[in-house]
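In the numbering used here, the protein residues as written are 423 to 976. Step one of this worksheet: look at the structure below.
Below is the structure:
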């Protein structure tokens, strides 16, 4: 039975004389000869170069490699990618597409590659229909020679949209060709369309759109040359012979990349005993137990990040799944999916928020991911990070409703942030007041203890004159009004008014200063004294400021 499947799915003629060419993110597999392989690789590298030049991003790259299988004839292509097959689909560890050597590169394949490169390299969606128009413009890119590019070829009439016509005009008419990249690079950086159009062309968007409508109506669409990347395919693109077993796996990938042909993909994978392919299919179809067994076998000695993530999805135990996701992250650091899966299993709020932030940074166009990141930050009182995530979510929003939702959320965050800052300020003030009160209480306690020790065993004669007991250096004594007390790091700076003039003094150690006065008056509060308090102060003159030894409140 297996031999019959191989004979049907992989005829002998399809597994002979295959070669592979690689450059950048592209991998070309072909049975149509070296010239066809080099021509296809040249085309896709010039397509990538053109897009990068227009966006002001010289080296745009996808998250995953792109493999294009170039077949000899349309019949062979139809066997694996016929009917409604996607122009570009994902299989195992790369995006895969196909074309026929004797035919132009399919416009839908060009368009799919351009869209993928835009979405993975431009952080914020360019407003309006710019991205669709750009993908349509480059879908008909021509590379007649390795170092020549023609841009602006007209697609079929049904595909000549207003968005396409605008960019076709801007890329081919002499008065605009050098300015289009200014517009697109500005839009790619998140600049709003109106200033971006004025900056590039000195005209508003409405004027450009009016000219584009007339251009579309006229129907005279000429191509224009575009500066090509200097390539020498004969020297730069060297072929590698490919074994039959690998060819069969790559052809099976075309079936695996088409969700509508899962049964055909299963038959192809069974025929070549591709356990990784079967595990992916079982996971796709909900057979977790079967997928788990096959994927556990497949990941042994594997460097395929996708397989580790797929195995983690069907692994119930969080402790077993997390190392698999860590390995997927290590193998493809630009891929956000394992971070999202890891966040879903994380129970620590701080770690979960950090993981979501990393995932959103890798997939900055994902509105839901930024929203989840902001919501994870709020319970942690990380209002600054939450505000940044809300701002990114607003940039990623695709509908007015989403943008309104985010604006409301951002306003709520700012209100909560202001409330938290006010609460923190009050807490700090209360803590400072408590610390100062503690110093005062400690001082009074020590004074009372000293008085108690001094009076121990003696009756005090209230009529007896109190003799001065201080035997230290003679100080100064002044009488005036205490205007202000500035409390700083356990010390206090007093500002008195004496005979109409200000006198600053320092309480260096509150515990060493005697406070005298009627009960309830011997407290020293920080700040402006309202009203100013009559006092007698004794102090030791010192530079730059005298040091207080006694304060008597009157």
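Cβ atoms here follow ideal geometry from the backbone N, Cα and C, with glycine treated the same way. Here the structure is a predicted model, which is why all the values come from computation and not from measurement.
Asked                                                                                                                                                                                            : Found
Looking at C-beta atoms only, is the number of pairs between the stretch 681-697 and the stretch 466-484 that lie closer than 8 Å three or more?                                                 : no
Quick one: Cα of residue 927 to Cα of residue 865, how far?                                                                                                                                      : 19 Å
Can you give me the Cβ contacts of residue 820 inside the same chain, cut-off strictly under 8 Å, excluding the 5 residues immediately before and after it?                                      : 547, 789
Leaving out five residues on either side along the sequence, give the residues of the same chain with a beta carbon under 7 Å from the beta carbon of residue 825.                               : 816, 819
Leaving out five residues before and five after residue 956 in sequence, what residues of the same chain have Cβ atoms less than 7 Å from its Cβ?                                                : 903, 976
Measuring alpha carbon to alpha carbon, tell me which of 964, 621, 806 ends up nearest residue 840.                                                                                              : 806
Figure out for me which residue from 559, 569, 565 has the closest Cα to the Cα of residue 578.                                                                                                  : 559
How far does the alpha helix (DSSP H) with residue 669 in it extend, from its first residue to its last?                                                                                         : 666-678
State the DSSP-derived secondary structure class of residue 624, mapped to helix, strand or coil.                                                                                                : coil
Please name the residue, chosen from 497, 494, 489, that lies closest to residue 509 on a Cα-to-Cα basis.                                                                                        : 489
Would residue 453 and residue 497 be called neighbours here (beta carbons separated by less than 8 Å)?                                                                                           : no
Does DSSP put residue 909 in a helix, in a strand, or in coil?                                                                                                                                   : strand
So residue 745 is in the alpha helix (DSSP H); what residue range does that whole segment cover?                                                                                                 : 740-753
Which one or two residues does DSSP pair with residue 917 in a beta bridge?                                                                                                                      : 906, 926
Taking the straight line between their C-alpha atoms, what separation do you get for residue 614 and residue 549?                                                                                : 7 Å
Enumerate in chain order the residues of its own chain whose CB-to-CB distance from residue 778 is below 6 Å, with the five nearest sequence positions on each side excluded.                    : 765, 794, 795, 798
For the candidate residues 457, 486, 448, whose alpha-carbon lies nearest to that of residue 755?                                                                                                : 486
Less than 6 Å between C-beta atoms, sequence neighbours within five positions excluded: which residues of the same chain meet that for residue 672?                                              : 451
Pull up the CB-CB distance for residue 674 and residue 650, whole angstroms please, since I reckon it's below 8 Å.                                                                               : Not confirmed; about 35 Å, so no contact.
From the DSSP output, in three-state form, read off residue 598 for me.                                                                                                                          : coil
What would DSSP say about residue 607, mapped onto helix, strand or coil?                                                                                                                        : helix
Determine, using beta-carbon pairs with one atom in the stretch 466-478 and one in the stretch 651-671, whether at least three such pairs fall under 8 Å.                                        : yes
Going by alpha carbons, who is nearest to residue 517 out of 526, 527, 538?                                                                                                                      : 538
Under 8 Å by Cβ, that's how I've got residue 601 and residue 622 pegged, so tell me the actual separation to the nearest angstrom.                                                               : 5 Å
Could you check what DSSP says for residue 965 in three-state terms: helix, strand or coil?                                                                                                      : coil
Select from 471, 958, 851, 911 the residue whose C-alpha is nearest the C-alpha of residue 899.                                                                                                  : 958
Could you pull out every residue in the same chain whose Cβ sits closer than 6 Å to the Cβ of residue 906, ignoring the five residues on either side in sequence?                                : 917, 950
Nearest to residue 791 by CA position, among 759, 773, 803, is which residue?                                                                                                                    : 759
Identify, in the order they occur along the chain, each residue of the same chain with its Cβ nearer than 7 Å to the Cβ of residue 575, setting aside the five sequence neighbours on each side. : 562, 564, 645
May I have the straight-line CA-CA distance separating residue 676 from residue 747, to the nearest angstrom?                                                                                    : 26 Å
Express the C-alpha separation of residue 571 and residue 462 in angstroms, rounding to a whole number.                                                                                          : 14 Å
Hey, could you find the ends of the beta strand (DSSP E) residue 491 is sitting in?                                                                                                              : 488-493
Apart from the five residues just before and just after residue 700, which ones in its own chain have a Cβ nearer than 6 Å to its Cβ?                                                            : 691, 716
List the whole-angstrom C-beta distance separating residue 472 from residue 643, where the pair is believed to meet the contact cut-off of C-beta under 8 Å.                                     : About 18 Å; that fails the 8 Å criterion.
Work out the CA separation of residue 714 and residue 737 for me, nearest whole Å.                                                                                                               : 7 Å
For residue 946, report the span of its alpha helix (DSSP H) as first-last.                                                                                                                      : No alpha helix (DSSP H) contains residue 946, which DSSP labels as neither H nor E.
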